[in-house]
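Working notes, structure below.
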Amino acid sequence: MSDPFTNTDFQSLDPVREQAGDEGVGIWTRRLVLFLRIMAGVSMFKGLYHWSEVCGIVGGDEPFESHSIAWQTSTVFFAVIDLVAAVGLWLAAAWGAVIWLTSVASMLVLEIFFPQVFGSGFFSVLLEGALLGLYLWLALKSAQEQAP
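Using my numbering, the letters of the sequence shown correspond one by one to residues 1 to 148.
As structure tokens, this is what we get:
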């Protein structure tokens, strides 16, 4: 009976590693990894900000419990998902990008269709939409660079 998994199967699941002098990594892949690392830092700060709202460090005079259930649920959701996305983005793992995309799409839907929860921020909608578009463009250019 043969082993269904080979060593190469596990290596294909490794996150992207950029090493000095690696000739196989193109310029667009390097730019994509840099973008993912920057977004990891932004996601980490967003997650910590949401946790500080939960803990009552920021947010004014109103405690966490006095806000609406929708606001509380959304705040805890983003507190968790942004920190998980930050780890995955820093590793440049595929699951990190998926979690980050879920976070960005959720925030866009919340701000566009449910402005009563966090308020409608036109600038934040534009910024998150632009970051989403930039990620998709960089991912496409990186994939074209990898194609034979």
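For each residue, glycine too, the CB sits at the ideal point set by N, CA and C.
- Under the criterion of beta carbons closer than 8 Å, L36 and A105 do not qualify as touching, at roughly 17 Å.
- Exclusion of the five residues before and after E145 leaves G26 and W28 as the residues of its chain whose Cβ lies within less than 6 Å of its Cβ.
- Inter-residue distance for A86 and L136 is about 18 Å (C-alpha atoms, whole angstroms).
- Scanning E128, D82, A79 and T75 for the CA closest to the CA of V117 turns up T75.
- In this model, V125 and L108 are separated by some 6 Å (Cα to Cα).
- A direct Cα-to-Cα measurement between E62 and S142 gives close to 46 Å.
- One thing to note: E53 has its Cβ within 9 Å of the Cβ of G59.
- The residue from L34, F78 and E111 with its alpha-carbon nearest to that of L127 is E111.
- Using a Cβ distance threshold of 9 Å, G88 and A40 count as a contacting pair.
- Counting every other CB atom within 10 Å of its CB across the protein chains shown gives F78 a total of 16 or more, marking it as buried.
- G133 counts as exposed, since fewer than 16 other C-beta atoms from the protein chains shown sit within 10 angstroms of its C-beta.
- By the 16-neighbour rule on beta-carbons within 10 angstroms, S68 is exposed.
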